[in-house]
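Peer 1: Note that the numbering used here has the sequence shown beginning at 327, numbered continuously upward. There's a structure below that I have some questions on.
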Amino acid sequence: MSSLFTPFSALPLRHTRATVSCYSSGHVSFIKEVAVIEPPKHLQHLLKVLQTRGETIISPGAKQGLIPLAIPLSKDSSGSVTALLRWPTAPPGLDMPVVEVWRSGVRLIARNVMSFISF
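Shown next, in the form of structure tokens:
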């Protein structure tokens, strides 16, 4: 009898996929309605990659302690947050960089979502 469980997770695979889709739609809504910009084309894929790396997908509204222009995506076991960096006066079509944010600073991870996924 086949199992829906993987050795790495106690959650059924279908439930995990639904969770990423749910978070993805929440992040898309936040970026469109709150940040008032167009979300990155491959945002759902980025969230899947982050989750595969063992990071916990977090609410884009979980901004406590972060710089105002960071849109949180995930948190790792050390507490650092992977986020999109929103430009304050970006022209349409300018990509948002993927950054790592922690208490003492911000580090560029990739120039855009596609660069992060391809890396």
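The C-beta atom is built at its ideal place from N, Cα and C for all residues, glycine as well.
1. Look up Lys401 in the DSSP assignment and give the residues it is bridged to.
2. Could you name the residues of the same chain whose beta carbon sits closer than 8 Å to that of Phe442, not counting the 5 residues immediately before and after it, in chain order?
3. So Ala396 and Leu420 are in contact, right, with Cβ under 8 Å, and what is the actual spacing, rounded?
4. Which residue wins for smallest C-alpha separation from Ser463, given the options Val427, Ile357, Arg433?
5. Please report how far the alpha carbon of Thr332 lies from the alpha carbon of Glu364, in whole angstroms.
6. On a CA-only basis, which of Gly380, Ile384, Lys367 is nearest Gly352? Give me that one, please.
7. Compute the distance between the beta-carbons of His368 and Met440, then report whether it is under 8 Å.
Peer 2: So, from the data block:
1. Its beta-bridge partners are Thr382, Val407.
2. For Phe442, where only same-chain residues beyond five positions count, the Cβ hits under 8 Å are Leu372, Val375, Val424, Ile435, Ala436.
3. Contact flag wrong, Cβ pair sits at about 16 Å.
4. Nothing can be reported for residue 463, as the shown portion of the chain is limited to 327 through 445.
5. In this prediction, Thr332 has a pLDDT of 37, which is less than 50 and means its spatial position is unreliable; what the coordinates show is noted afterwards. Approximately 35 Å, taken between the alpha carbons.
6. Ile384
7. yes
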